[in-house]
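In what follows, a single structure is set out as structure tokens and then discussed.
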Amino acid sequence: MADAPVDSITSIPVAVVGAGPAGLMLAHLLGRAGVETIAVDTRTRQEIEVTQRAGILEADAARDLIETGVSDRILRDGYEHEGVELRSAGRPYRIDFKELVGASVWLYPQTDVFIDLADARERDGGTVHFGVRDTEVLDVTTTAPRVRYTAPDGSRHEIRARYVVGADGSRSMCRDLMPEDRRVRYGNEYPFAWFGILAEAPMSAPELVYARSEHGFALISQRTETVQRMYFQCSPDESVDAWSDDRIWETLQARVSGEDGFRLKEGPITEKTVLRFRSFVQEPMRWGSLALAGDAAHTVPPTGARGLNLALHDVKVLADVLLRALGSAGEAALDEYQPRALQRIWRAQNFSYWMTQLLHSVPGASAFDLRRQLGELDNVVGTRAGRAYLAEQYTGWPARGHAR
Ligand code: PHB
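Per this note's numbering, the very first residue in the sequence shown carries number 50; after that it's consecutive.
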């Protein structure tokens with residue numbers, strides 16, 4: 050296959066495998082600096098648009114999308130949140146981001162970030178091929194890597210690049226190109242998953258509610274005034290078919306109910322999915338002419354809403370080093386990528402893991418485990434340092450030189 054004839058050969062500085070938010074934001078940032086890219090994705094644009102993902106953007110990430118000219122739709126369609134509610138045993142505790150660390154986050158779904166980026170690529174004349182198949186990434190240990198793919202019409206194409214970026218998500222094939230004896234994979238599996246729903250109902254709360262209860266965890270999030278997103282902890286092998294709307298509402302209500310009389314506003318459920326739940330990092334993030342970004346290099350459990358934010362941080366650093374590598378600095382500039390990206394990645398790994406274990410019920414936990422968990426939660430909600438710790442991590446760490 051590697052040398053079979055193709056219908057077209059295109060030479061370009063950077064080829065991007067994967068056209069989700071990470072791949073498209075990288076292409077956008079490079080495009081702004083005058084560096085052309087071609088991005089390919091096996092999914093169609095329509096498939097990506099309807100895949101539900103998390104919904105929280107750090108203020109810095111939101112600002113980057115606006116200030117680099119992707120779109121300012123977030124200001125019209127997004128919701129700025131200055132805190133979250135933690136609930137335990139039916140009691141509400143507000144974590145006030147603004148007051149604690151002077152920061153906020155934006156409720157703006159990843160699918161909208163994707164739509165904005167895909168529209169911006171089209172507007173700016175960037176090349177993105179959705180719905181391709183049989184993608185091959187070749188010669189990454191040389192200075193002339195290639196990407197080959199079959200277009201939806203069956204024609205076969207080759208992209209010749211100086212660098213290839215693997216932004217191909219949590220089931221990345223690019224990360225397998227790093228030789229087995231040179232790569233390390235770190236991971237953690239959890240004995241539970243999330244059951245996610247979309248419901249046609251009014252908002253139940255003005256901010257997100259992360260609820261810990263004796264029945265397990267639940268998260269109440271939002272999309273619009275009329276569409277809501279909610280999750281509850283379930284077993285990893287849960288089948289969506291076993292869950293009627295009534296059973297789902299009963300489960301969610303039981304996990305949030307409490308002495309303040311809080312009740313969810315119910316409505317028809319339009320989507321049900323069981324979400325995979327794991328922590329994962331692969332190092333190195335760069336091998337020869339190939340760099341990994343976003344979920345291809347690392348995944349976090351959704352509890353801390355870090356995934357999209359981390360991916361956007363990766364590509365910001367990567368765009369910076371790639372521009373220098375393509376200029377006079379040469380390939381050595383790429384050496385900076387991993388150390389600069391990895392610090393935030395491991396902080397986020399820790400935060401996502403920490404927030405997960407703080408709020409979920411672990412099957413088989415002992416009475417000691419349970420009381421210890423309540424003690425930890427009390428330390429978080431009951432002390433200013435605890436609340437500030439959560440607030441600082443959740444809103445994203447201040448960028449260098451931006452002390453709060
Ligand atoms: C979401 O709105 O889908 C969402 C928000 C916060 C999370 C996870 C998911 O931690």
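Heads up, the beta-carbon is just placed ideally off N, CA and C, and yes, glycines get one too.
Short Cβ contact (8 Å threshold) for residue i with residue j
i: S60; j: V189; result: no
i: L11; j: V196; result: This structure gives no information on residue 11, because the portion of the chain shown stretches from 50 to 453.
i: G104; j: R304; result: no
i: A342; j: L367; result: yes
i: V370; j: Y386; result: yes
i: G132; j: L156; result: no
i: H206; j: S57; result: yes
i: G424; j: S328; result: no
i: D109; j: G413; result: no
i: L359; j: R312; result: no
i: D173; j: L361; result: no
i: T405; j: T352; result: yes
i: L439; j: I144; result: yes
i: A298; j: E287; result: Note on identity: in this sequence residue 298 is Trp, with Ala being the wrong assignment. Result no, Cβ atoms of W298 and E287 do not sit closer than 8 Å.
i: G175; j: T86; result: yes
i: E249; j: T273; result: no
i: G218; j: G67; result: yes
i: A82; j: L372; result: yes
i: G69; j: I97; result: yes
i: R396; j: L149; result: no
i: V55; j: E107; result: no
i: K365; j: L78; result: yes
i: H178; j: A200; result: yes
i: V289; j: V323; result: yes
i: P333; j: R232; result: yes
i: V63; j: A216; result: no
i: P350; j: S401; result: yes
i: L187; j: A340; result: no
Sheet register partners of residue i (DSSP bridge)
i: C283; result: A242
i: H178; result: V89
i: H130; result: V154
i: V186; result: V196
i: E249; result: V276
i: D145; result: G132
DSSP-derived helix/strand/coil call for residue i
i: A152; result: coil
i: L324; result: strand
i: G236; result: strand
i: S57; result: strand
i: L124; result: helix
i: V66; result: strand
i: G139; result: coil
i: G72; result: helix
i: T160; result: helix
i: A51; result: coil
i: A267; result: strand
i: E315; result: coil
i: P447; result: coil
i: R261; result: strand
i: E116; result: helix
i: L107; result: It should be noted that the sequence gives Glu, not Leu, for residue 107. Of the three classes helix, strand and coil, the one that applies to E107 here is strand, per DSSP.
i: G83; result: coil
i: W298; result: helix
i: A254; result: coil
i: Q101; result: coil
i: D290; result: helix
i: A452; result: Because A452 carries a pLDDT of 41, less than 50, the predicted location of this residue cannot be relied on, and the following value inherits that uncertainty. Three-state DSSP puts A452 in coil, outside helix and strand.
i: D165; result: helix
i: D369; result: helix
i: E171; result: helix
i: W303; result: The sequence shown places Ala at residue 303, not Trp. Three-state result, A303: helix.
i: A378; result: coil
i: E308; result: coil
Minimum Cβ-Cβ distance from residue i to chain C less than 8 Å
i: M279; result: Among the chains in the structure shown there is no chain C, since it carries only a single protein chain.
Tell me the start and end of each unbroken beta strand (DSSP E) in the region 380 to 444 that is at least 3 residues and wholly inside, in chain order.
Taken in chain order, the region 380 to 444 contains no complete beta strand (DSSP E) segment of 3 residues or longer.
Sufficient close CB pairs (3 or more, under 8 Å) joining the region 73 to 90 to the region 111 to 124
Segment contact: the region 73 to 90 against the region 111 to 124, three or more CB-CB distances shorter than 8 Å; contact assigned.
Three or more beta-carbon pairs under 8 Å between the region 95 to 112 and the region 149 to 166, yes or no?
They touch, by the three-pair rule.
Quick check: the region 239 to 256 against the region 283 to 295, are at least 3 beta-carbon pairs closer than 8 Å?
Judged by Cβ distances under 8 Å, the region 283 to 295 makes contact with the region 239 to 256, as three or more pairs qualify.
Ordered list of alpha helix (DSSP H) runs contained in the region 321 to 363, each at least 4 residues:
Complete alpha helix (DSSP H) runs here, min 4: none at all.
Should the region 180 to 194 be called in touch with the region 134 to 149, which here means at least 3 C-beta pairs below 8 Å?
Output reads no: the region 134 to 149 does not touch the region 180 to 194.
State whether the region 215 to 232 contacts the region 252 to 269, with contact taken as three or more CB pairs (one from each stretch) at a distance under 8 Å.
Judged by pairs of C-beta atoms under 8 Å, the region 215 to 232 does not touch the region 252 to 269, as fewer than three such pairs exist.
Which runs of the beta strand (DSSP E) spanning at least 3 residues fall entirely within the region 203 to 233, listed in chain order?
Segments of the beta strand (DSSP E) lying fully in the region 203 to 233: 205 to 215.
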